[in-house]
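Presented below is the structure to which this report refers.
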């Protein structure tokens, strides 16, 4: 079985080296030309743009959620107002006066007041 | 990076062409993005930035229910259902749905509007409730739209309608409290300027968004007590029907504060059904808008002036011959019985409402024999400056009229005029002015500016009482007030004692039957009946003042026969409602 090395290590021992200094330097075997560089930079810019767009879209998504909540609040407020109106109508004097309870009431035959 | 091309190579040509194309793009983009920047920004804003009005909620109006504010005018969102006839695909479905769900709110023959293809907006139904609108929306009818509209609703029906006024289609308050307090009730609309998507949903991705929140109108509380108001309206309607009168008015006030507790007129109207009002006069609140000659009610003011100036007491006497001459005019009494002829007291003159007694007081304010300039100045000072008859009160209601009390400095302010004024003719005043002035007569001499504004209710429902509307002390002395209260109390029972138990309290009042002018002359076959009185548990603490007026065209309405029964009904009911302690 044989295999190829894709990474080459160049020993630095031939050169002057000092303590705590790497003695092996990395050098990629893949060579990138100027056009590849340009394409890569363009791709990175595109990715950044996409990231920006996704974030901006996410903010818009919040807007839709907020708008939906706002609509719901309006609807509930409207329902609350309607219930308040209904409550006021049910406790209005005419309603109370015409209620079955009021109709069943009788006038006292004799009333006496006590002076203080 | 350095590119090397062979001279004349195709690569070089492609590079040149590409560079040229890129240059064109750059120049074009520069033109669009830099030179035309503002134009395109404006164009984009026009399409993307929308402006919405945030409508302020109109303040609600409350009345008092005892000591608790209760809602009298509220807001409710209703819907206008409209159609775009060009988009309606199933007319039968629309007609069927509207008839079954909003049958009572559709326009007459609304189906015909579905055929008007030249228009894209035809109203089919109005004032549709939220529930009805939801049911219609579920039908998913093509070409049908809904507009939300806020409208005033009146849970108490037509109670106090002429006090309240109404709100017109433009949201403007008209008549009554709504008009006079329109600015406070209306609030201030807000503004929302924002980038929107295609469905007009506001988006936050812009630095141009503006949001100015709406400021809702104030919730305002009237001094009107809904129980007193309802009782007053009922008593008034029954009294007018019994007397066969087409018009009657009544006001109830608290003499210790100047607060109006009830204010009612017959006929009235239902503010939620304005389309049924056939006579615009029904919208007026005559108590503040219709000055008239008040008649004999004013005798209480003349007596108060005489007592306060020290020219009479209840037991002062004068010779009553049934008539009295002032310059070239002879003034007669309405009552000519022998029992009140001869040497009688001022109390008797008040009890029997004798004009001669009041003219005598006016004369005694002068030299004793004639209504001199000094007498007229004194009367004017009391009537106009102190009791404020003929002066607008400034009550928080629209269309208040001030009336006319002619000054003695005016050429018409002569002795004849002032002799008439002593018994309530020859001047035009409103019922509110008379009732407010009478409050100061019976409460110890303090004039409280009449008010109908009791305070405000915050959005949290907290009631804050309004500042006092203002007062003037020393209108008459407390001693004078006490004397007049006793005199008016006696006058009330001199001609009325139905044994209904009211004599266990301290009730007083004075009739008024005023002639009206027809073709420039006073006539007796068209009179206005009024009654002005007060009540309380004890003599020193009047708790309410009531004034009633009743009239009809070409009919004679009497103060005692027509207005007083209405006063009594309201007064007796108030005694119970206020829980006054009987004294006997």
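Chains as they are written, first to last, in our numbering: chain A, 1 to 116; chain B, 1 to 584. A virtual CB, placed ideally from N, CA and C, is assigned to each residue, including glycine.
For residue 52 of chain A, not one C-beta of chain B is nearer than 8 Å to its own C-beta.
Less than 8 Å divides the Cβ of residue 229 of chain B from the Cβ of residue 63 of chain B. When Cβ pairs closer than 8 Å are counted between the two stretches, the region 370-381 of chain B is seen not to touch the region 437-447 of chain B, the count staying below three. Taking CB atoms only, residue 153 of chain B has a neighbour in chain A less than 8 Å away. Sequence-ordered contacts of the region 195-218 of chain B with chain A read 201, 202, 203, 204 and 205 [C-beta pairs closer than 7 Å].
In its chain, beyond the 5 residues on either side, 226 have a beta carbon closer than 6 Å to the beta carbon of residue 65 of chain B.
The DSSP-derived three-state label of residue 54 of chain A is helix. Boundaries around residue 551 of chain B are those of the beta strand (DSSP E), 544-551, since no alpha helix (DSSP H) includes it. Two segments are said to touch when three or more pairs of C-beta atoms, one from each, lie closer than 8 Å; by this definition the region 384-398 of chain B touches the region 427-434 of chain B.
When the alpha-carbon of residue 526 of chain B is set against those of B:118, B:129, B:504 and B:246, the nearest one is in B:246. Here DSSP, grouped into helix, strand and coil, assigns residue 478 of chain B to helix. With respect to the C-alpha of residue 220 of chain B, the residue from B:60, B:253, B:343 and B:344 having the closest C-alpha is B:60. Going by C-alpha positions, residue 545 of chain B is about 28 Å away from residue 154 of chain B. Under the Cβ criterion of 8 Å, residue 89 of chain A is counted among the residues facing chain B.
DSSP lists B:509 and B:546 as the beta-bridge partner residues of residue 533 of chain B. Taking 8 Å as the cut-off, the beta carbon of residue 249 of chain B is found no closer than this to the beta carbon of residue 299 of chain B.
Of the candidates B:516, B:39 and B:234, the residue whose Cα lies closest to the Cα of residue 428 of chain B is B:516. Checking the DSSP bridge columns, you'll see residue 254 of chain B partnered with B:259.
Within the region 89-109 of chain A, the residues whose Cβ lies closer than 7 Å to any Cβ of chain B are, in chain order, 89, 92, 93 and 94.
Annotation: residue 149 of chain B is outside any alpha helix (DSSP H); the continuous beta strand (DSSP E) that includes it extends over 144-153. Within the region 121-195 of chain B, the runs of alpha helix (DSSP H) that reach at least 4 residues and sit entirely inside it are, in chain order, 130-138, 161-164, 176-180 and 182-186.
Using a Cβ-Cβ cut-off of 8 Å, residue 41 of chain A does not count as an interface residue toward chain B, since no Cβ of chain B sits closer than that to its own. Taking C-alpha positions only, residue 170 of chain B is separated from residue 158 of chain B by approximately 22 Å. C-alpha of residue 55 of chain B to C-alpha of residue 214 of chain B: approximately 6 Å in a straight line. Ranking B:489, B:32, B:512 and B:510 by CA distance to the CA of residue 504 of chain B puts B:489 first.
In this structure, residue 296 of chain B lies near residue 511 of chain B, with their beta-carbon atoms less than 8 Å apart.
Burial check for residue 422 of chain B: the Cβ neighbour count within 10 Å reaches 16 or more, so the residue is buried. When Cβ-Cβ separations below 8 Å define contact, residue 36 of chain A makes no contact with chain B. In the DSSP assignment, residue 71 of chain B forms a beta bridge with B:62. About 28 Å separates the beta carbon of residue 212 of chain B from that of residue 82 of chain A, a gap too long to meet the 8 Å contact definition. Taking the beta carbon of residue 47 of chain A as reference, no residue of chain B falls within 7 Å; the closest one sits roughly 21 Å away. Neighbourhood of residue 226 of chain B in chain A, by CB distance below 7 Å: 93, in chain order. For residue 64 of chain B, no chain A residue has a C-beta closer than 8 Å to its own C-beta; the minimum C-beta separation is roughly 13 Å. By the neighbour-count criterion, in which a residue is buried when 16 or more other Cβ atoms sit within 10 angstroms of its Cβ, residue 108 of chain A is exposed. For residue 25 of chain B, DSSP records no beta bridge to any residue.
Residue 24 of chain A carries a strand assignment under DSSP once its states are collapsed to helix, strand and coil.
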